[in-house]
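Peer 1:
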């Protein structure tokens, strides 16, 4: 059974930083594409960042230069380091894994950035 459990969300002031963590079980994070999506209030879910099985990252234009996605293979975890946070980054952040033809989602973690 595949499980993705996000943690690290919370309330932070604009300009601050947070690191989100996605602990995976039932899969190996380096076996497929891992990613982070977010859903802002009143908006559709959108891509934030992905990392391929080969370790190549990709970012939405809105977060380039501020967010960094990485893997910790030893802990089977995917991280999202978020710096210079803005109020418009407020959202529920979801971890996702695409392994073969299957896509898995975590439950999400709330990030709130105050101005």
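Numbering (the numbering used here), first residue to last: 224 to 338. Backbone N, C-alpha and C define an ideal beta-carbon position, used for all residues, glycine too.
1. Please confirm if the stretch 276–288 is in contact with the stretch 229–242, defined as three or more CB-CB distances below 8 Å between the two stretches.
2. Report yes if the C-beta distance between residue 252 and residue 306 is below 8 Å; otherwise report no.
3. According to DSSP, is residue 286 helix, strand or coil?
4. On a Cα-Cα basis, can you pick out the residue from 266, 318, 285 that is closest to residue 303?
5. Hey, how far is the Cα of residue 269 from the Cα of residue 295?
6. Taking the CB atoms as reference points, tell me whether residue 332 and residue 230 lie closer together than 8 Å.
7. Quick one, are the C-beta atoms of residue 309 and residue 271 less than 8 Å apart?
8. Expressed to the nearest angstrom, what Euclidean distance is found between the alpha-carbon atoms of residue 273 and residue 266?
9. Taking the straight line between their C-alpha atoms, what separation do you get for residue 263 and residue 315?
10. Find the nearest neighbour of residue 325 within the set 256, 289, 282, 311, judged by alpha-carbon distance.
11. Using the Cα positions of residue 321 and residue 329, report the straight-line distance between them to the nearest angstrom.
12. What first and last residue would you give for the beta strand (DSSP E) that runs through residue 250?
Peer 2: Checking against the coordinates, here is how it stands:
1. In short, these stretches do not touch, since the Cβ pair count stays below three.
2. In the chain shown, counting from the first residue as 1, residue 252 sits at position 29. In the chain shown, counting from the first residue as 1, residue 306 sits at position 83. In this structure, residue 306 does not lie closer than 8 Å to residue 252 by Cβ.
3. For the purposes of this step, residue 286 is taken as the residue at position 63 of the chain shown. Coil at residue 286, not helix or strand.
4. As a position in the chain shown, residue 303 is number 80, starting the count at 1. Nearest to residue 303 by C-alpha distance, out of 266, 318, 285, is 318.
5. For this step, residue 269 is matched to residue 46 along the chain shown. For this step, residue 295 is matched to residue 72 along the chain shown. About 24 Å.
6. Residue numbering aside, residue 332 sits at position 109 when the chain shown is read from its first letter. Residue numbering aside, residue 230 sits at position 7 when the chain shown is read from its first letter. Yes, Cβ-Cβ distance for residue 332 and residue 230 is below 8 Å.
7. Here the question's residue 309 lines up with position 86 in the chain shown. Here the question's residue 271 lines up with position 48 in the chain shown. When the beta-carbon positions are compared, residue 309 and residue 271 stay at least 8 Å from each other.
8. For the purposes of this step, residue 273 is taken as residue 50 along the chain shown, with counting starting at 1. For the purposes of this step, residue 266 is taken as residue 43 along the chain shown, with counting starting at 1. Each residue's Cα considered, the two are about 20 Å apart.
9. Mapped onto the chain shown, residue 263 falls at position 40. Mapped onto the chain shown, residue 315 falls at position 92. Cα to Cα, residue 263 sits roughly 7 Å from residue 315.
10. Counting from one through the chain shown, the residue named residue 325 turns up at place 102. For residue 325, the nearest C-alpha among the options comes from 256.
11. The sequence position of residue 321 within the chain shown is 98, counting from 1. The sequence position of residue 329 within the chain shown is 106, counting from 1. If I take the Cα positions, the gap works out to 12 Å.
12. Locating residue 250 in the chain shown gives position 27, where the first residue counts as 1. Going by DSSP, residue 250 is part of no beta strand (DSSP E) at all; its letter is neither H nor E.
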